[in-house]
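Contents: one structure, followed by commentary.
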Amino acid sequence: RLCELLDNAGRGWRKLAELAGAEKRFKCSAEELEMCSLKVLEPRGSPTQCLLQLLAERDCTLRYLLGCLERMGHEQACRVLSSAVQDMIRITVQPESQVVAEGTQVSLTCCATGPPGLAYQWFCGRQEVPGATSPELVIDTASPAGQPEWYICRVNCGPTFTFSRWAHVQVEKSSSPSSASGYCPTMAGLQILRQPQPCHLAEGDTLALECRAIGNPPPQYQWFRNQRPVEGAEAPQLQVKLVTTAERGSYSCRVFNLFHEVWSREVDVEIGEGLRQTSVTPHLLCSHVSHSITTPPSPVLAATDKVALLIGNMHYLHHKQLQAPIVDVHALGALLRQLDFKVVSLLDLRKAEMQMAVDEFLLLLDKGVYAGLLYYAGHGYENFGNSFMVPIDAPSAYTSEHCLCVQRVLREMQQRRTGLNIFLLDMCRKRNLNDDVIPQVGTLEVTANIVFGYATCADAEAYELSQGELSNGIFVTFLKRWLLEDEKITVLLDKVAEDMGTLEITRGRQALELRSNLSERRALTDPICPPGQDESSARNLQWAKAHVLPESRHLRFDCGVTVQLGFAAEFSNIMIIYTRVVAAPKDITKCEARLTDIPEELDVDLKCTNKESPEELGSPLAPVWSLGCPSCCLYSRICGLQKLRQELAFTICLQYRYQSMDDFVEERQRVNVGRPLIAKLNLQ
Numbered sequence: 001r002l003c004e005l006l007d008n009a010g011r012g013w014r015k016l017a018e019l020a021g022a023e024k025r026f027k028c029s030a031e032e033l034e035m036c037s038l039k040v041l042e043p044r045g046s047p048t049q050c051l052l053q054l055l056a057e058r059d060c061t062l063r064y065l066l067g068c069l070e071r072m073g074h075e076q077a078c079r080v081l082s083s084a085v086q087d088m089i090r091i092t093v094q095p096e097s098q099v100v101a102e103g104t105q106v107s108l109t110c111c112a113t114g115p116p117g118l119a120y121q122w123f124c125g126r127q128e129v130p131g132a133t134s135p136e137l138v139i140d141t142a143s144p145a146g147q148p149e150w151y152i153c154r155v156n157c158g159p160t161f162t163f164s165r166w167a168h169v170q171v172e173k174s175s176s177p178s179s180a181s182g183y184c185p186t187m188a189g190l191q192i193l194r195q196p197q198p199c200h201l202a203e204g205d206t207l208a209l210e211c212r213a214i215g216n217p218p219p220q221y222q223w224f225r226n227q228r229p230v231e232g233a234e235a236p237q238l239q240v241k242l243v244t245t246a247e248r249g250s251y252s253c254r255v256f257n258l259f260h261e262v263w264s265r266e267v268d269v270e271i272g273e274g275l276r277q278t279s280v281t282p283h284l285l286c287s288h289v290s291h292s293i294t295t296p297p298s299p300v301l302a303a304t305d306k307v308a309l310l311i312g313n314m315h316y317l318h319h320k321q322l323q324a325p326i327v328d329v330h331a332l333g334a335l336l337r338q339l340d341f342k343v344v345s346l347l348d349l350r351k352a353e354m355q356m357a358v359d360e361f362l363l364l365l366d367k368g369v370y371a372g373l374l375y376y377a378g379h380g381y382e383n384f385g386n387s388f389m390v391p392i393d394a395p396s397a398y399t400s401e402h403c404l405c406v407q408r409v410l411r412e413m414q415q416r417r418t419g420l421n422i423f424l425l426d427m428c429r430k431r432n433l434n435d436d437v438i439p440q441v442g443t444l445e446v447t448a449n450i451v452f453g454y455a456t457c458a459d460a461e462a463y464e465l466s467q468g469e470l471s472n473g474i475f476v477t478f479l480k481r482w483l484l485e486d487e488k489i490t491v492l493l494d495k496v497a498e499d500m501g502t503l504e505i506t507r508g509r510q511a512l513e514l515r516s517n518l519s520e521r522r523a524l525t526d527p528i529c530p531p532g533q534d535e536s537s538a539r540n541l542q543w544a545k546a547h548v549l550p551e552s553r554h555l556r557f558d559c560g561v562t563v564q565l566g567f568a569a570e571f572s573n574i575m576i577i578y579t580r581v582v583a584a585p586k587d588i589t590k591c592e593a594r595l596t597d598i599p600e601e602l603d604v605d606l607k608c609t610n611k612e613s614p615e616e617l618g619s620p621l622a623p624v625w626s627l628g629c630p631s632c633c634l635y636s637r638i639c640g641l642q643k644l645r646q647e648l649a650f651t652i653c654l655q656y657r658y659q660s661m662d663d664f665v666e667e668r669q670r671v672n673v674g675r676p677l678i679a680k681l682n683l684q
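For what it's worth, full-length UniProt numbering labels the leading residue of the sequence shown as 1, then goes sequentially.
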């Protein structure tokens, strides 16, 4: 990390060498500085790493190095190093606030990591709890119910200390006699003391629901809306500010611990004026009409298959970079897979790659398949009623010749006789003044199965919110709230449009536009009834090609070291490769396996390879894909797999050191993993 920060000509390694040389034994000669600078000519060379090695050989301490960085005024480098200089005490398990029944006993736990000899001391308010010097504090709640007592734990090692967060213990009278005796109330199960209450709110109000329970181990909470978990709602209180109609529904809370589970009652939350005003007239009108018109029962609609192509373009070569498509594409892909869609998700495509991706997508479509869903997030424009998706290699003054026409894609989808064609276009629709050519798309067929969901109106722009790395674009922020609902697709998009209209910052600037000629109640939730085995098998095989990861394998080196080589998929064209040393002889003290010699045609940032943690790769989705990866690995992120012209081959470079040696020894193995993920479809 220090090398990344200091390998530059400004406040970099040369300034560090100058300041460190204030102490004579750390002063580097001109020849040594030249040796450091020449490291930039090596594939993995780093002047900073060379300088640090020289300082280390002269017994430079971390504290002295930190002092030099502070004199440089390099705050980032100081933060990186300060955690290594100080013996940090980190709280790993925080005490949790609890509501308990009168007469029971309850335990609070605080665990920490740090230097040897950690000591604990619990406090109630500002007073030390006598004898409470272990990570667990057992409290007797025989005192009458009343105001909560506040507890905190201090963890120290010598003069260095830190405090846990505060936890309060609220003692309440319980109507259950059985819960007032014994140390462990979980012997009788969890007990809910306070149930959520139904409520009726106006748009813009704050929704507040509460569920309180007792149990040992302490209860955990998960709120649900319409039987689906509410993301991030894992506290006794559920609070949503500035509610819209999107938050209405039936709410309940799942309360659980290691041994038991109990559910709160389900309560209705109504939002919007007039929801309680049930008019008699519409009911009477429907009753009257029913005597004269007999409505036939609606047929059960089913799809032979459901497939989706999701494209997100972010890193444009000649235009403004975008931030949201990576998160938008991932979020939609995860939701569509829950609806049994076959999903191909791709990032940063050039024009030829976009066209080939659409061609492969069309091969997944056949008669009765729906939805054939195409989602695009990136730059775009609209001329003469035709929409154009802009690839990342479009020139600064692009025209329709450099872009993909959505209407042409629709025409090709119609020729496949799909049951439902859905286009979700998360892009601007401003007029392109550089393009005055009216494209000849050809005649579209008259079908009643087309739905266009535009993120914005004609001649308007689409926006993304800058709220950190994991923020969605405005369209997907509201779309993902409704995507899993069992509604006709046009009704679903109408609800998305209503919710988007509640966002104050884009009011009058961006509004969803829906175009449809849908004549049946087609929904994304419709079941799949596969056709004949041959058609289904061919389609499944085509889809599966784009989702096959190389198998994890173990590499054995001559020195006796065994390295695990593993793989994870972020998108259909982005793969994570990780290496981990799983076995080494006892006389080898330090050992790591690095990925090198990656094909040049791939989009690989060398600063995003061989990182010790997933977060260092710079991907906001690292917490998602890293769940399935083992610990103590080196991670590399390989992008642009659609560019592969041959099988993917690279080198694993093993560097190790024996106990009796100062220098590292190096062994290499060449690895070929074939064509992973989308590379199997030969989009080149």
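Where a beta carbon is used, it is the ideal one built from N, C-alpha and C, also for glycine.
Which residue from T562, P614, Q338 puts its Cα closest to that of E570? By 1-based counting over the sequence shown, the position of residue 570 is 570. Here the closest residue by C-alpha is P614.
Between the beta-carbon of residue 717 and the beta-carbon of C457, is there less than 8 angstroms? With the chain running from 1 to 684 in the structure shown, residue 717 is simply not present.
Going by CA-CA distance only, name the one from I311, D499, D328 that's closest to V344. Residue 344 sits at position 344 when you count from the first residue of the sequence shown. Cα-wise, what sits closest to V344 is I311.
Nearest-angstrom Cα separation, counted from E513 out to P439: Sequence index remark: in the sequence shown, residue 439 carries index 439 (1-based). Sequence index remark: in the sequence shown, residue 513 carries index 513 (1-based). About 23 angstroms.
What span of residues does the alpha helix (DSSP H) with H379 cover, start to end? Residue mapping note: residue 379 aligns to position 379 of the sequence shown, counting from 1. Here H379 belongs to no alpha helix (DSSP H), and DSSP marks it neither H nor E.
On a Cα-Cα basis, can you pick out the residue from R594, L634, Q646 that is closest to L602? Walking along the sequence shown from the start, residue 602 turns up at place 602. For L602, the nearest C-alpha among the options comes from Q646.
Just to confirm the assignment, what range does the alpha helix (DSSP H) spanning Q195 have? As a first step, residue 195 is located in the sequence shown; it is residue number 195 there, counting from the start. That residue, Q195, is in no alpha helix (DSSP H); it is neither H nor E in DSSP.
Is the separation between the beta-carbon of L404 and that of V446 shorter than 8 angstroms? In the sequence shown, the residue the question calls residue 404 occupies position 404. In the sequence shown, the residue the question calls residue 446 occupies position 446. Going by C-beta atoms, L404 is not nearer than 8 angstroms to V446.
Option in D268, T244, I214, Q237 with minimal Cα separation from F256: Position 256 of the sequence shown, counted from the start, is the residue given in the question as residue 256. Ranking D268, T244, I214, Q237 by Cα distance to F256 puts I214 first.
For the beta strand (DSSP E) containing Y64, list its first residue and its last residue. Numbered from 1 along the sequence shown, position 64 holds the residue referred to as residue 64. Per DSSP, Y64 belongs to no beta strand (DSSP E); it is in the alpha helix (DSSP H), 62–72.
In angstroms with no decimal places, state the Cα-to-Cα distance between L424 and S619. Numbered from its first residue, the sequence shown carries residue 424 at position 424. Numbered from its first residue, the sequence shown carries residue 619 at position 619. Their Cα atoms are separated by approximately 25 angstroms.
Can you tell me whether T294 is helix, strand or coil according to DSSP? Along the sequence shown, read from residue 1 onward, the residue named residue 294 stands at position 294. For T294, the predicted model reports a pLDDT of 39, less than 50, meaning its position is unreliable; a value from the coordinates is still stated below. DSSP places T294 in coil when its eight states are reduced to three.
Entirely within the region 592–660 and at least 3 residues each: give me those beta strand (DSSP E) ranges in chain order. Counting only runs of 3 or more, we get 634–638, 649–658.
Please check the pair L681 and L549, which I expect to be a contact at CB under 8 angstroms, by giving their CB distance rounded to whole angstroms. Taking the sequence shown and counting its residues from 1, the one referred to as residue 681 is at position 681. Taking the sequence shown and counting its residues from 1, the one referred to as residue 549 is at position 549. With 8 angstroms as the limit, L681 and L549 do not qualify as a contact, their Cβ atoms being about 15 angstroms apart.
With the cut-off set at 8 angstroms, would you say T133 and Y151 are in Cβ contact? As a first step, residue 133 is located in the sequence shown; it is residue number 133 there, counting from the start. As a first step, residue 151 is located in the sequence shown; it is residue number 151 there, counting from the start. In this structure, Y151 does not lie closer than 8 angstroms to T133 by Cβ.
Measure the Cβ-Cβ separation of V582 and L654 and say whether it is below 8 angstroms. If you number the sequence shown from 1, residue 582 lands on position 582. If you number the sequence shown from 1, residue 654 lands on position 654. Their beta carbons are not under 8 angstroms apart, which means V582 does not touch L654 by this criterion.
Which whole runs of the beta strand (DSSP E) in the region 372–438 are 3 residues long or more, in chain order? Within the region 372–438, complete beta strand (DSSP E) segments of at least 3 residues are found at 372–377, 380–383, 386–389, 421–426, given in chain order.
Three-state secondary structure (DSSP) at W166? Against the sequence shown, residue 166 aligns to sequence position 166. Assigned with DSSP and collapsed to three states, W166 falls in coil, not helix or strand.
For the beta strand (DSSP E) that A112 lies in, which residues bound it at each end? Position 112 of the sequence shown holds residue 112. Unbroken beta strand (DSSP E) run through A112: 111–113.
Do you know how far the Cα of S400 is from the Cα of V437? As a position in the sequence shown, residue 437 is number 437, starting the count at 1. As a position in the sequence shown, residue 400 is number 400, starting the count at 1. Cα to Cα, V437 sits roughly 8 angstroms from S400.
With burial defined as no fewer than 16 other Cβ atoms inside 10 Å of the residue's Cβ, what is the status of E592: buried or exposed? In the sequence shown, residue 592 corresponds to position 592, counting from 1. Buried is the call here.
Compare the Cα-Cα distances from L595 to each of V561, L627, C633 and report the closest residue. Position 595 of the sequence shown, counting from 1, holds the residue named residue 595. Ranking V561, L627, C633 by Cα distance to L595 puts C633 first.
Please report the straight-line C-alpha distance between R248 and I271, rounded to a whole angstrom. Translated into the one-based positions of the sequence shown, residue 248 becomes position 248. Translated into the one-based positions of the sequence shown, residue 271 becomes position 271. If you take the alpha carbons of R248 and I271, they lie about 6 angstroms apart.
Just verifying my parser: in three-state terms, what is the DSSP assignment at T562? The residue you call residue 562 lines up with position 562 of the sequence shown. The answer is strand: DSSP assigns T562 an E or B state.
Jot down the residue ranges of each uninterrupted beta strand (DSSP E) in the region 493–532, minimum 3 residues, whole runs only, in chain order. 513–516
Measure the Cβ-Cβ separation of V155 and C110 and say whether it is below 8 angstroms. As a first step, residue 155 must be located in the sequence shown, where it is residue number 155. As a first step, residue 110 must be located in the sequence shown, where it is residue number 110. Result yes, Cβ atoms of V155 and C110 sit closer than 8 angstroms.
Does the region 68–84 come close enough to the region 93–113 that 3 or more CB-CB pairs lie under 8 angstroms? no
Hey, E572 and L346 are a contact pair by Cβ (cut 8 angstroms); roughly how many whole angstroms apart? On the sequence shown, position 572 is the one that residue 572 refers to. On the sequence shown, position 346 is the one that residue 346 refers to. With the sequence shown as reference, residue 572 is identified as Ser, and Glu is not the correct amino acid for it. 5 angstroms between Cβ atoms; contact.
Would you decide whether M354 is buried or exposed? Buried here means 16 or more other CB atoms lie within 10 Å of its CB. On the sequence shown, residue 354 is found 354 positions in, with the first residue counted as 1. By the neighbour-count rule (16 or more Cβ atoms within 10 Å), M354 is buried.
Less than 8 angstroms between the beta carbons of residue 687 and A20, yes or no? Examination of residue 687 is not possible in this model, given that the chain is present from 1 through 684 alone.
Measuring alpha carbon to alpha carbon, tell me which of D140, A77, S552, R580 ends up nearest V106. Here the question's residue 106 lines up with position 106 in the sequence shown. Among D140, A77, S552, R580, the Cα nearest to that of V106 is on D140.
Delimiting residues of the alpha helix (DSSP H) encompassing C3: Taking the first residue of the sequence shown as position 1, residue 3 is located at position 3. Start and end: 2–6.
Taking only the alpha-carbon atoms, compute the straight-line gap between R668 and C608 and give it to the nearest angstrom. Counting from 1 along the sequence shown, the entry for residue 668 is found at position 668. Counting from 1 along the sequence shown, the entry for residue 608 is found at position 608. Looking at the two C-alpha atoms, the distance is approximately 21 angstroms.
G372 and M314: beta carbons closer than 8 angstroms? The sequence position of residue 372 within the sequence shown is 372, counting from 1. The sequence position of residue 314 within the sequence shown is 314, counting from 1. Cβ atoms of G372 and M314: not closer than 8 angstroms.
Which one or two residues does DSSP pair with E210 in a beta bridge? For the purposes of this step, residue 210 is taken as residue 210 along the sequence shown, with counting starting at 1. In DSSP, E210 forms a bridge with Q237.
Classify G204: buried if its beta carbon has 16 or more other beta carbons within 10 angstroms, exposed otherwise. What you label residue 204 is simply residue 204 of the sequence shown in a count that begins at 1. G204 should be labelled exposed.
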